[in-house]
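Written below as structure tokens is the structure these notes are about.
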Amino acid sequence: MNKKFTVAHFDEISPTNCPCGETRRAFTEDPDQIASIHMVDIKQDSELHYHKKMTEIYLVLEGEGHMELDGELIPVRKDSTILIKPGCRHRAIGKMKIVNIPVPAFDPDDEWFD
Numbered sequence: 156m157n158k159k160f161t162v163a164h165f166d167e168i169s170p171t172n173c174p175c176g177e178t179r180r181a182f183t184e185d186p187d188q189i190a191s192i193h194m195v196d197i198k199q200d201s202e203l204h205y206h207k208k209m210t211e212i213y214l215v216l217e218g219e220g221h222m223e224l225d226g227e228l229i230p231v232r233k234d235s236t237i238l239i240k241p242g243c244r245h246r247a248i249g250k251m252k253i254v255n256i257p258v259p260a261f262d263p264d265d266e267w268f269d
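Counting in the working numbering, the sequence shown runs from 156 upward without gaps.
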């Protein structure tokens, strides 16, 4: 019988570099590709990018700064949440730790830079 759940531990996932800093990604290999979840340490110089298919939900866990969203600078802090729809050019500015939930699951081929 196939289990209908998966458990991941971020402290057991190796970090990788991403446009925003350093991320630990869980559930990216799920065959249904419904969603994934990432723990991200945002760096000061995150890169402006967008996605053509993915929607992302950010939850700021620590720190404060700004989100650049389609050219607007929006102040964010601990407990801020941001819904980023496909096509929205975005980046985080400032040192923060966030949870990022991509829907559908993260696809490295859906990261676009101008």
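Using N, Cα and C, we set each Cβ at its ideal position, and we do this for glycine too.
Can you find the residues in the same chain that come closer than 7 Å, C-beta to C-beta, to residue i, ignoring five residues on each side of it along the sequence?
i    : result
G176 : V195, D196, I197, K198, S201
Please confirm whether residue i and residue j have their CB atoms less than 9 Å apart.
i    : j    : result
H204 : R232 : no
T161 : F182 : yes
To which residues does DSSP link residue i through a beta bridge?
i    : result
V162 : None; V162 has no bridge partner.
N255 : H193, Y213
Assign residue i to one of two classes, buried (16 or more other C-beta atoms within 10 Å of its C-beta) or exposed (fewer than that).
i    : result
G220 : buried
I253 : buried
In its own chain, which residues sit with a C-beta less than 8 Å from the C-beta of residue i, not counting the 5 before and 5 after it?
i    : result
H208 : For the sequence presented, residue 208 should be read as Lys rather than His. Cβ neighbours of K208 beyond the five flanking positions: P241, P259, D262, D265.
I248 : Q199, S201, G220, H221, M222, E223, L228
R246 : P174, C175, S201, E202, L203, H204, M222, E223
**Q.** Uninterrupted beta strand (DSSP E) stretches inside the stretch 187–221 (no shorter than 3 residues)
**A.** List check, beta strand (DSSP E) in window: 192–197.
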